[in-house]
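Some notes on the structure that comes next.
Number of protein chains: 2
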Amino acid sequence: MDDRYGLARRVTLPGPLRLDGGGTLGPIDIAYETYGELAADGGNAILICHALTGDQHVASAHPRTGKPGWWTRLVGPGKPIDPARHFVICSNVLGSCMGSTGPASIDPSTGQPWGMRFPVITIRDMVRAQALLLDHLGVGRLMAVVGGSMGGMQALSWPATFPERVAAAVVIASTARHSAQNIAFHEVGRQAIMADPNWQGGEYHRGDPPSAGLAVARMAAHITYLSEAGLTEKFGRKLQARANQPEGAKGFGFDADFQVESYLRHQGLSFVDRFDANSYLYITRALDYFDLAEEHGGLLANAFRATAARFCLVSFDTDWLYPTADSRTIVHALNAAGRAVSFVELSSPYGHDAFLLDSPELNRVVDGFLRGGR
Amino acid sequence: MDDRYGLARRVTLPGPLRLDGGGTLGPIDIAYETYGELAADGGNAILICHALTGDQHVASAHPRTGKPGWWTRLVGPGKPIDPARHFVICSNVLGSCMGSTGPASIDPSTGQPWGMRFPVITIRDMVRAQALLLDHLGVGRLMAVVGGSMGGMQALSWPATFPERVAAAVVIASTARHSAQNIAFHEVGRQAIMADPNWQGGEYHRGDPPSAGLAVARMAAHITYLSEAGLTEKFGRKLQARANQPEGAKGFGFDADFQVESYLRHQGLSFVDRFDANSYLYITRALDYFDLAEEHGGLLANAFRATAARFCLVSFDTDWLYPTADSRTIVHALNAAGRAVSFVELSSPYGHDAFLLDSPELNRVVDGFLRGGR
Chain A
1 MDDRYGLARR VTLPGPLRLD GGGTLGPIDI AYETYGELAA DGGNAILICH
51 ALTGDQHVAS AHPRTGKPGW WTRLVGPGKP IDPARHFVIC SNVLGSCMGS
101 TGPASIDPST GQPWGMRFPV ITIRDMVRAQ ALLLDHLGVG RLMAVVGGSM
151 GGMQALSWPA TFPERVAAAV VIASTARHSA QNIAFHEVGR QAIMADPNWQ
201 GGEYHRGDPP SAGLAVARMA AHITYLSEAG LTEKFGRKLQ ARANQPEGAK
251 GFGFDADFQV ESYLRHQGLS FVDRFDANSY LYITRALDYF DLAEEHGGLL
301 ANAFRATAAR FCLVSFDTDW LYPTADSRTI VHALNAAGRA VSFVELSSPY
351 GHDAFLLDSP ELNRVVDGFL RGGR
Chain B
1 MDDRYGLARR VTLPGPLRLD GGGTLGPIDI AYETYGELAA DGGNAILICH
51 ALTGDQHVAS AHPRTGKPGW WTRLVGPGKP IDPARHFVIC SNVLGSCMGS
101 TGPASIDPST GQPWGMRFPV ITIRDMVRAQ ALLLDHLGVG RLMAVVGGSM
151 GGMQALSWPA TFPERVAAAV VIASTARHSA QNIAFHEVGR QAIMADPNWQ
201 GGEYHRGDPP SAGLAVARMA AHITYLSEAG LTEKFGRKLQ ARANQPEGAK
251 GFGFDADFQV ESYLRHQGLS FVDRFDANSY LYITRALDYF DLAEEHGGLL
301 ANAFRATAAR FCLVSFDTDW LYPTADSRTI VHALNAAGRA VSFVELSSPY
351 GHDAFLLDSP ELNRVVDGFL RGGR
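Here you go:
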């Protein structure tokens, strides 16, 4: 295969992978992309970690949809992370449905999809699976691990789990633990999926998937990715234009009347074409379980004592999913552990989603941080 | 019937009620409660307006559940609104399901429940129905109209719709218009209900109601009633105690593992026993359509030019559903219209729900404002 075009690749790793929940898993498939070449000294490897519903196509078009990579604003020629200088790796997380082993994969012991018999996994389990992939690729140590949102949790978990294998971590719009409100929103989504009769206890591979429930789950989650101000700016109370109706007139019915309703419905419907409902259950569970302090005796600073990695934290002022206070908590713990850390809160009207959008400041911060380690 | 015990009462009003959406409705049933006696001069009548899922049992036990009235903290002997001094009226809003005409009522033209053939109604339609009830009760003018949340919208709409019939309005934790984010959350709830196969296009009176969808809708809405800090204080990341499991250990499954999950599920399940899914669709629609400025030429101040009523606005600092900024917008418009207005932001950790909870400051504010008019 040709690295330059980032063609879809997948490796089967024998494992077994020991899981936080108890059991083991293996062999496991990991779907991944790489861009650029590993330097002779191995010192230019950067691992990019994706968010809840993301995939490995960080900097190249998705093979099925043709859409450009999801973080080409940050990763690509002339960007802070540049395949001309870096060996970039991005893998689909364990539990997902974009080629890596997850609940939709075949359980070798039954020949049937795992469904809800798939073991519950954690962010740390995802990181352990990534480490197996790095072993396979011959990458001993990462120049940096970089991620936003759930990707940021992996970027935090990496130096905590493999202190010697990471020189730097970039953690964007993320948190060291899910709050009660974060858990509550995910629980609404899970209940929406499990309330859909098509879900069938997760055995829907025999029939239609629980698309209606998954769409509702996505709609609820999507609201948390946007800021109130951003929604107001983009939609306000603007009404849909419709046939046989004066412009700006209410429909006095239950069709999507406001533009924000139509937008949300579209977000829900387009999501179900690309994502597996059981994967959504498992990955939201992993997010809700994430509490880096708890994994280290209840003190977050303890997570960072064994590593010598440098850290870069970025938050966005209108992000109410993982607000700036969550990043500050991490910065305080890093300081307490004596780690080098730079932290910046960026201004954006776009809420949590800002980390995926055009942000020259974000690019400058990441570029400066990555170059600073040289 | 005996007023002292606030027994459930209902009146059938001939109508026809002309609706904002076009058509007319009538005859209509209005279920209501009264407490106290109307003074000889008619000057002591106070109308209390309830919120989305509320009812007319504001100060007396619910006849079916036996639960105390929903606002006994503010209404009752020795309280700011006191049946010993005031004639207190509270009616179930048009479109609801606690005795007033709504989508679960029988459409006289078919002999079947209205279902989704019920006309879409507005906050102003609810207010017009309340005015018909006041006519029936012989109340010409209100000493005050008082409400929180959706009740506050009615309290705002009253002087705008019937400028001569209101001397004072108390508007608590409310807004003059639903924001894009408010609409978005309601749309998630409506989609959850309509995605439930039991909904059957609203014709579920022939079978089981769409309880699973309605429960998800309630769960999503309930998160918006609480503050992030309140959720953290009450639940944080505390786990459920369960049999056969060490205390504080994760279940690594999809049962309610965190206490906040169990709490939310309970909120959803207990709601479906007491509320009609179609009513939920219609009332959330009325809320989303609410934009008092739009009804008055696009300028909110215009809504208040014809009345001489005094206004009292109260917001809570952790309310992110209808934040303090929404109350400030109303206060600015009232000032522009030359109306007398007092405004206070109260501090509470409990978010939007604070208006229903114990708040000595709220009681002092309402008591002082109501006495000030004398």
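Those sequence lines, one after another, are chains A and B. The first sequence begins at 1 in our numbering and counts up one residue at a time. The second sequence begins at 1 in our numbering and counts up one residue at a time. Glycine residues also receive a C-beta, built at the ideal position from the N, C-alpha and C atoms.
- Rounded Cβ spacing between PHE258 of chain B and ILE183 of chain A (contact assumed at less than 8 Å): Counting from one through the second sequence, the residue named residue 258 of chain B turns up at place 258. Counting from one through the first sequence, the residue named residue 183 of chain A turns up at place 183. With a beta-carbon spacing of about 5 Å, PHE258 of chain B and ILE183 of chain A fall inside the 8 Å limit used to define contacts.
- Message: Taking the alpha carbon of HIS178 of chain B as the reference point, which residue from B:VAL331, B:GLY147, B:ASP326 and B:GLY230 has its own alpha carbon closest?
- Response: Here residue 178 of chain B refers to the residue found at position 178 of the second sequence. Shortest Cα-Cα distance from HIS178 of chain B to any of B:VAL331, B:GLY147, B:ASP326 and B:GLY230 involves B:ASP326.
- Task: Might you give, ordered along the chain, the residues of its own chain that have their beta carbon closer than 6 Å to the beta carbon of GLU345 of chain A, omitting 5 neighbours on each side?
- Result: Translated into the one-based positions of the first sequence, residue 345 of chain A becomes position 345. Hits under 6 Å: SER315, ASP317 and THR324.
- Message: 9 Å is my cut-off, CB to CB: does GLU345 of chain A come that close to chain B?
- Response: As a first step, residue 345 of chain A must be located in the first sequence, where it is residue number 345. Not closer than 9 Å to any Cβ of chain B, the Cβ of GLU345 of chain A fails to qualify, so no.
- Message: Strictly under 9 Å for the Cβ-Cβ distance: is THR101 of chain B near chain A by that measure?
- Response: If you number the second sequence from 1, residue 101 of chain B lands on position 101. Not closer than 9 Å to any Cβ of chain A, the Cβ of THR101 of chain B fails to qualify, so no.
- Message: Which residue wins for smallest C-alpha separation from PRO83 of chain A, given the options A:ALA333, A:GLU33, A:GLY115 and A:LYS67?
- Response: Translated into positions along the first sequence, residue 83 of chain A becomes position 83. Among A:ALA333, A:GLU33, A:GLY115 and A:LYS67, the Cα nearest to that of PRO83 of chain A belongs to A:GLU33.
- Looking only at C-alpha atoms, which of A:PRO108, A:THR175 and A:ALA129 sits nearest to PHE162 of chain A? The residue given as residue 162 of chain A occupies position 162 in the first sequence. For PHE162 of chain A, the nearest C-alpha among the options comes from A:ALA129.
- Nearest-angstrom Cα distance between VAL75 of chain B and GLY99 of chain B? As a first step, residue 75 of chain B must be located in the second sequence, where it is residue number 75. As a first step, residue 99 of chain B must be located in the second sequence, where it is residue number 99. Straight-line Cα distance between these residues: approximately 22 Å.
- Helix, strand or coil for GLU345 of chain B per DSSP? As a position in the second sequence, residue 345 of chain B is number 345, starting the count at 1. Here GLU345 of chain B sits in strand by DSSP.
- Query: Does the beta carbon of GLN181 of chain B sit closer than 9 Å to a beta carbon anywhere in chain A?
  - Reply: As a first step, residue 181 of chain B must be located in the second sequence, where it is residue number 181. Taking a beta-carbon distance threshold of 9 Å, GLN181 of chain B counts as an interface residue toward chain A.
- Task: Answer yes or no: does any C-beta atom of chain A fall closer than 9 Å to that of ILE223 of chain B?
- Result: As a first step, residue 223 of chain B must be located in the second sequence, where it is residue number 223. With 9 Å as the cut-off, ILE223 of chain B counts as an interface residue toward chain A.
- Item | Spatial neighbours of LEU321 of chain B in its chain, beta-carbon cut-off 6 Å, leaving aside the 5 residues before and after | What you label residue 321 of chain B is simply residue 321 of the second sequence in a count that begins at 1. These residues qualify, in order along the chain: THR224 and HIS352.
- Message: Which residues does DSSP list as the beta-bridge partners of GLY147 of chain B?
- Response: Position 147 of the second sequence, counted from the start, is the residue given in the question as residue 147 of chain B. In the DSSP output, where bridge partners are listed per residue, GLY147 of chain B has B:CYS49 and B:VAL171.
- Task: Compile a chain-ordered list of the residues in the segment 242-261 of chain B whose CB is closer than 7 Å to at least one CB of chain A.
- Result: Within the segment 242-261 of chain B, the residues whose Cβ lies closer than 7 Å to some Cβ of chain A are LYS250, PHE252, GLY253, PHE254, PHE258, VAL260 and GLU261, listed in chain order.
- Query: Is THR232 of chain B close to chain A, meaning its C-beta is less than 9 Å from at least one C-beta of that chain?
  - Reply: Residue numbering aside, residue 232 of chain B sits at position 232 when the second sequence is read from its first letter. Taking 9 Å as the threshold, the shortest C-beta distance from THR232 of chain B to chain A falls below it.
- Task: Specify, as a first and last residue, the run of the alpha helix (DSSP H) that ASP125 of chain B falls within.
- Result: Translated into positions along the second sequence, residue 125 of chain B becomes position 125. Counting along the chain, the alpha helix (DSSP H) containing ASP125 of chain B begins and ends at 123-137.
- Could one say the Cβ of ARG177 of chain A lies closer than 9 Å to chain B's Cβ atoms, at least one of them? Along the first sequence, read from residue 1 onward, the residue named residue 177 of chain A stands at position 177. Under the 9 Å criterion on CB atoms, ARG177 of chain A is classed as interfacial with respect to chain B.
- Give every residue of the same chain whose Cβ lies closer than 8 Å to the Cβ of ALA249 of chain B, excluding the five residues on either side of it in the sequence, and list them in chain order. Along the second sequence, read from residue 1 onward, the residue named residue 249 of chain B stands at position 249. Here the set comprises LEU239.
- Task: Reducing DSSP to helix, strand and coil, say where LEU300 of chain A ends up.
- Result: On the first sequence, residue 300 of chain A is found 300 positions in, with the first residue counted as 1. Residue state, collapsed to three classes: helix.
- Item | Residue-chain proximity (MET219 of chain A, chain B), Cβ-Cβ < 9 Å | Numbered from its first residue, the first sequence carries residue 219 of chain A at position 219. For MET219 of chain A, the answer is yes, since a Cβ of chain B falls inside 9 Å of its Cβ.
- Query: Does the distance from the C-beta atom of GLY147 of chain A to that of HIS86 of chain A stay below 9 Å?
  - Reply: Taking the first residue of the first sequence as 1, we reach residue 147 of chain A at position 147. Taking the first residue of the first sequence as 1, we reach residue 86 of chain A at position 86. Going by C-beta atoms, GLY147 of chain A is not nearer than 9 Å to HIS86 of chain A.
- Item | Cβ-based burial, ARG141 of chain A [other Cβ within 10 Å; buried from 16] | For the purposes of this step, residue 141 of chain A is taken as the residue at position 141 of the first sequence. Exposed.
- Task: Check the C-beta distance from MET219 of chain A over to VAL188 of chain B and give it rounded, since I have them as a contact under 8 Å.
- Result: Position 219 of the first sequence, counted from the start, is the residue given in the question as residue 219 of chain A. Position 188 of the second sequence, counted from the start, is the residue given in the question as residue 188 of chain B. Taking the Cβ atoms as the reference, MET219 of chain A lies roughly 5 Å from VAL188 of chain B, within the contact range of under 8 Å.
- By Cβ distance, which residues of its chain are closer than 6 Å to ALA306 of chain B, with the 5 residues on each side in sequence left out? Here residue 306 of chain B refers to the residue found at position 306 of the second sequence. Within the same chain, and ignoring the five residues on either side of ALA306 of chain B in sequence, the residues whose Cβ sits closer than 6 Å to its Cβ are PRO163.
- Query: So, helix, strand or coil for SER327 of chain B, using DSSP?
  - Reply: What you label residue 327 of chain B is simply residue 327 of the second sequence in a count that begins at 1. Here DSSP, grouped into helix, strand and coil, assigns SER327 of chain B to helix.
- Item | Straight-line gap, GLY43 of chain B to LEU269 of chain A (C-alpha atoms, nearest Å) | Taking the first residue of the second sequence as position 1, residue 43 of chain B is located at position 43. Taking the first residue of the first sequence as position 1, residue 269 of chain A is located at position 269. Between GLY43 of chain B and LEU269 of chain A, the C-alpha separation is close to 55 Å.
- Message: For ILE283 of chain B, report the span of its alpha helix (DSSP H) as first-last.
- Response: By 1-based counting over the second sequence, the position of residue 283 of chain B is 283. Element bounds for ILE283 of chain B: 277-289.
- With burial defined as no fewer than 16 other Cβ atoms inside 10 Å of the residue's Cβ, what is the status of ASP276 of chain A: buried or exposed? Taking the first sequence and counting its residues from 1, the one referred to as residue 276 of chain A is at position 276. Flag for ASP276 of chain A reads buried.
- Query: Between the C-alpha atoms of GLN181 of chain A and LEU231 of chain B, what's the straight-line distance to the nearest angstrom?
  - Reply: For the purposes of this step, residue 181 of chain A is taken as the residue at position 181 of the first sequence. For the purposes of this step, residue 231 of chain B is taken as the residue at position 231 of the second sequence. Between the C-alpha atoms of GLN181 of chain A and LEU231 of chain B there is a straight-line separation of about 6 Å.
- Nearest-angstrom Cα separation, counted from TRP71 of chain A out to HIS205 of chain A: As a working note, residue 205 of chain A is residue 205 in the first sequence. As a working note, residue 71 of chain A is residue 71 in the first sequence. When rounded, the separation of the alpha-carbon atoms in HIS205 of chain A and TRP71 of chain A is 32 Å.
- Item | C-beta neighbour in chain B for TRP70 of chain A, strict 9 Å | The residue given as residue 70 of chain A occupies position 70 in the first sequence. Closer than 9 Å: no.
- Query: Would you say ILE89 of chain B and LEU52 of chain B are within 9 Å of each other, going by their C-beta atoms?
  - Reply: The count along the second sequence starts at 1 and reaches residue 89 of chain B at position 89. The count along the second sequence starts at 1 and reaches residue 52 of chain B at position 52. Not closer than 9 Å, so no.
- Message: Quick test of the definition: if touching needs 3 or more C-beta pairs under 8 Å, does the segment 205-214 of chain B touch the segment 288-304 of chain A?
- Response: Touching, no, given that fewer than three Cβ pairs across the two stretches are closer than 8 Å.
- Task: Answer with yes or no whether the minimum CB distance from LEU17 of chain A to chain B is below 9 Å.
- Result: Within the first sequence, the letter at position 17 stands for residue 17 of chain A. So no, LEU17 of chain A is outside the interface.
- Query: Leaving out five residues before and five after VAL331 of chain A in sequence, what residues of the same chain have Cβ atoms less than 6 Å from its Cβ?
  - Reply: Counting from one through the first sequence, the residue named residue 331 of chain A turns up at place 331. If we look at VAL331 of chain A and ignore the five residues flanking it on each side, its Cβ neighbours are LEU313, VAL341 and PHE343.
- Query: Span of the beta strand (DSSP E) holding LEU313 of chain A?
  - Reply: Residue mapping note: residue 313 of chain A aligns to position 313 of the first sequence, counting from 1. Note, LEU313 of chain A: beta strand (DSSP E), 310-316.
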